[in-house]
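Visitor: Here it is, the structure, as structure tokens.
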Amino acid sequence: MISRVAVVPQPPLLVPELTVRSRPETEELRAACLRAVSALAEVSGDWLAIGTDRRVSGELSPESTGTFAGFGVDVAVSLRAGASRGCGDDELPLAALVAGWLRGVAGADSVRMRLLDEEASPAVAGQVGAGLSNSAGGEPAGLLVLADGPRRFGDYEREGDPEGVAELIRDGLAVPGSGKLDALDAGSAERSGVVGRAALWSLAGLVESDDAAWSGELLHSATPFGVGYHVAVWTRAE
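Note that the sequence shown ends on residue 241 in our numbering; no numbers are left out.
Here is the structure:
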């Protein structure tokens, strides 16, 4: 069963090798993400992860490996500790790359990566979330959720509602089961530049399908460089 959840964004700037120079905003975000995944590692070394992509959907091979070379530096990652480079697809989607990198820095053994279509509906995503605990088995397990935004620049700001969407996400992550994540409208989220909204709806579906109480802690919420990044940890009551 899933007993702890870490919600993190997926910008490549989390990886130190990909940043030209250290900036306080980046350091604070990275520290919050590492704190969140360290909390997952306290529960289990084998994680589930859920994110979104426009090209790839479904569960990736646990032997998958990849690299951030497409973002400027050849930083190798894998979904399982000890996986040999070349066992999987080096062209991993960004959510999977970040999940693999966080697995490595947290010292976890493996991460089972499930990708939803970025355009998945709230109903479909919620059903996926409701089934996550069953797929985790009977032992305590950790879930990594990857999503970021909204974006406060250009068309996103002119056509969307980034301030309102950011408030919904921030409040929804602070209080599990509050209904705020369910209230995230697909059209508004897309126009506001949210990436991974289906992953957030899956998280809502997980908690709504669970009779146990959940507590949440919002570790970070900021908009450096015009993009909203939120980090939270949810824990299931024993």
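A virtual CB, placed ideally from N, CA and C, is assigned to each residue, including glycine.
1) Hey, how far is the Cα of Leu-105 from the Cα of Gly-190?
2) Which whole-angstrom value is the C-beta distance of Ala-202 and Leu-119, which I expect to be below 8 Å?
3) Should Pro-227 and Leu-21 be called a contact, given that it needs their Cβ atoms to be closer than 8 Å?
4) Enumerate in chain order the residues of its own chain whose CB-to-CB distance from Gly-145 is below 6 Å, with the five nearest sequence positions on each side excluded.
5) Hey, Pro-179 and Val-168: beta-carbon distance below 8 Å or not?
6) Just reading off the beta strand (DSSP E) that Leu-222 is part of, what are its end residues?
7) Should Glu-166 be counted as a contact of the ligand COA given a C-beta to heavy atom distance under 7 Å?
8) Kindly give me the distance between the Cβ atoms of Gly-219 and Leu-176, rounded to whole angstroms, as I take these residues to be in contact under 8 Å.
9) Starting from the C-beta of Gly-163, find all residues in its chain whose C-beta is less than 6 Å away, skip the five residues before and the five after it, and write them out in chain order.
10) With DSSP as the reference, please indicate the residues paired to Thr-68 in a beta bridge.
11) Tell me whether Glu-28 is buried or exposed, calling it buried when 16 or more other Cβ atoms sit within 10 Å of its Cβ.
12) Among Trp-237, Ala-216 and Ala-98, which has the Cα closest to the Cα of Pro-14?
13) With DSSP as the reference, label Glu-62 as helix, strand or coil.
14) Just how far apart, CA to CA, sit Arg-200 and Ser-87?
15) Closest to Glu-66 by CA distance: which of Gly-54, Gly-103, Gly-140 and Ala-207 is it?
16) Can you grab the Cα-Cα spacing for the pair Val-18 / Pro-12, in whole Å?
17) Assuming Leu-209 contacts Ser-136 (C-beta within less than 8 Å), just tell me the rounded distance between them.
18) Buried or exposed: Gly-54, going by 16 or more other Cβ atoms within 10 Å of its Cβ?
19) Pull up the distance between the alpha-carbon of Leu-222 and that of Thr-238, whole angstroms please.
20) When DSSP labels each residue in this structure, what does Asp-151 get in the three-state scheme?
21) How many angstroms separate the CA atom of Arg-155 from the CA atom of Leu-149?
22) Since Ser-41 is in the beta strand (DSSP E), which residue starts that stretch and which ends it?
23) Beta-carbon within less than 6 Å of Gly-129's beta-carbon, same chain only, minus the 5 sequence neighbours each way: which residues are those?
24) Here's the rule: buried if 16 or more other CB atoms are within 10 angstroms of the residue's CB, otherwise exposed. What is Glu-121?
25) Our contact map puts Val-40 next to Ala-109 with C-beta atoms below 8 Å; I'd like the distance itself, whole angstroms only.
26) Indicate the three-state DSSP secondary structure (helix, strand or coil) for Leu-119 in the structure shown.
Guide: Straight from the coordinates:
1) As a position in the sequence shown, residue 105 is number 102, starting the count at 1. As a position in the sequence shown, residue 190 is number 187, starting the count at 1. Near 30 Å, if we compare the C-alpha coordinates of Gly-190 and Leu-105.
2) Within the sequence shown, numbered from 1, the residue matching residue 202 stands at position 199. Within the sequence shown, numbered from 1, the residue matching residue 119 stands at position 116. With a Cβ gap of about 7 Å, Ala-202 and Leu-119 count as contacting.
3) Mapped onto the sequence shown, residue 227 falls at position 224. Mapped onto the sequence shown, residue 21 falls at position 18. For Pro-227 and Leu-21, no; Cβs fall outside 8 Å.
4) Here residue 145 refers to the residue found at position 142 of the sequence shown. Closer than 6 Å at Cβ, skipping near neighbours: Arg-7, Leu-43, Val-46, Ser-47 and Trp-50.
5) Numbered from 1 along the sequence shown, position 176 holds the residue referred to as residue 179. Numbered from 1 along the sequence shown, position 165 holds the residue referred to as residue 168. No; because the gap between Cβ atoms is not below 8 Å, this pair is not in contact.
6) Taking the sequence shown and counting its residues from 1, one reaches residue 222 at position 219. Counting along the chain, the beta strand (DSSP E) containing Leu-222 begins and ends at 217 to 225.
7) Among the components modelled here there is no ligand, and therefore nothing to report on the ligand COA.
8) Within the sequence shown, numbered from 1, the residue matching residue 219 stands at position 216. Within the sequence shown, numbered from 1, the residue matching residue 176 stands at position 173. Gly-219 to Leu-176, Cβ: 7 Å. Contact.
9) Looking up residue 163 in the sequence shown gives position 160. Once the five neighbours on either side are set aside, the close Cβ partners of Gly-163 are Arg-194 and Ser-195.
10) Residue 68 sits at position 65 when you count from the first residue of the sequence shown. The partner list for Thr-68 (beta bridge, DSSP) reads Ser-81.
11) What you label residue 28 is simply residue 25 of the sequence shown in a count that begins at 1. Label assigned to Glu-28: exposed.
12) Your numbering for residue 14 matches position 11 in the sequence shown. For the residues Trp-237, Ala-216 and Ala-98, the minimum Cα distance to Pro-14 belongs to Ala-98.
13) Stepping through the sequence shown from its first residue, residue 62 is reached at position 59. Strand at Glu-62.
14) The count along the sequence shown starts at 1 and reaches residue 200 at position 197. The count along the sequence shown starts at 1 and reaches residue 87 at position 84. Straight-line Cα distance between these residues: approximately 32 Å.
15) As a position in the sequence shown, residue 66 is number 63, starting the count at 1. Comparing Cα positions, the closest option is Gly-103.
16) Walking along the sequence shown from the start, residue 18 turns up at place 15. Walking along the sequence shown from the start, residue 12 turns up at place 9. Roughly 12 Å between the two C-alpha positions.
17) For the purposes of this step, residue 209 is taken as the residue at position 206 of the sequence shown. For the purposes of this step, residue 136 is taken as the residue at position 133 of the sequence shown. So it is a contact: roughly 7 Å between Cβ atoms.
18) Here residue 54 refers to the residue found at position 51 of the sequence shown. Gly-54 should be labelled buried.
19) As a working mapping, residue 222 is identified with position 219 in the sequence shown. As a working mapping, residue 238 is identified with position 235 in the sequence shown. C-alpha separation (whole angstroms): 13 Å.
20) Working through the sequence shown from its first residue, we reach residue 151 at position 148. Of the three classes helix, strand and coil, the one that applies to Asp-151 here is strand, per DSSP.
21) On the sequence shown, position 152 is the one that residue 155 refers to. On the sequence shown, position 146 is the one that residue 149 refers to. One C-alpha to the other measures close to 19 Å.
22) Mapped onto the sequence shown, residue 41 falls at position 38. It is not in any beta strand (DSSP E) - Ser-41 instead sits in the alpha helix (DSSP H) that spans 27 to 46.
23) What you label residue 129 is simply residue 126 of the sequence shown in a count that begins at 1. Trp-204 and Gly-208.
24) Here the question's residue 121 lines up with position 118 in the sequence shown. Glu-121 comes out buried.
25) Here residue 40 corresponds to residue number 37 of the sequence shown, with the count starting at 1. Here residue 109 corresponds to residue number 106 of the sequence shown, with the count starting at 1. About 4 Å separates the two Cβ atoms, so the contact holds.
26) Within the sequence shown, the letter at position 116 stands for residue 119. Here Leu-119 sits in strand by DSSP.
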